[in-house]
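**Q**
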Amino acid sequence: SSPVFNAFLSNLPHVLDHNFSMGTLLLPTCLPVLQFCAAPHRVVDLRYPVFSLWCLQPHPRKLWLSSVLTFLYKYEYSHHPLSGQALSLVRIVLNTIDNHYHRCRKVDDPTLCAASSAYSRGQSYIYMYSISPLMFSTP
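Its first residue numbered 1324, the sequence shown is counted upward by one per residue in the numbering used here.
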């Protein structure tokens, strides 16, 4: 968490998003940095990462995710070596999601569905008529 690294990571999503030609030149350097900065220790094989983003602080984690999403959305990564690096970054994201504690509630609980549906309907009814009663009147 050095100031230089934080400055680099703070500007990376913006550069990748708004300066395509510069981003294309920087990708071979930036992608290994994104791979290594998420690693909690020295790793030998980055092709199959077993670590997640939880060792990064929340703000750098968000910037890391923004950089990776921008890269995956805007850039061509079907050729080697970018394809392997993209796959490694996606695995890091999947490891992060897998390691995050998440428990879904069952939808088959009738009290849960009924309570949320009634609340939503009632709230939307109040909201619709508080905006403008004339919007819903017939001509």
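Idealized CB from N, CA, C, for every residue including glycine.
1. Rounded to the nearest angstrom, what separates N1422 and N1334 at their Cα positions?
2. Determine the extent of the alpha helix (DSSP H) in which F1359 is found, giving its start and end residues.
3. Is P1336 helix, strand or coil when you go by DSSP?
4. Can you check the region 1372–1430 for any alpha helix (DSSP H) of at least 4 residues that lies completely inside it and give the ranges in chain order?
5. State the CB to CB distance for the pair Q1358 and S1401, rounded to an integer number of angstroms; the pair is presumed to be in contact (CB under 8 Å).
6. Assuming L1363 and C1378 are in contact, meaning their beta carbons sit under 8 Å apart, how far apart are those beta carbons, in whole angstroms?
7. Quick one: Cα of R1365 to Cα of V1373, how far?
8. Decide if F1328 is buried, meaning its Cβ has at least 16 other Cβ atoms within 10 Å, or exposed.
**A** Looking at the coordinates:
1. 27 Å
2. F1343 to C1360
3. helix
4. 1381–1397 and 1405–1422
5. With a Cβ gap of about 18 Å, Q1358 and S1401 do not count as contacting.
6. Here residue 1363 is Pro; the residue named in the question, Leu, does not match the sequence. The Cβ separation is near 4 Å, so the contact holds.
7. 12 Å
8. exposed
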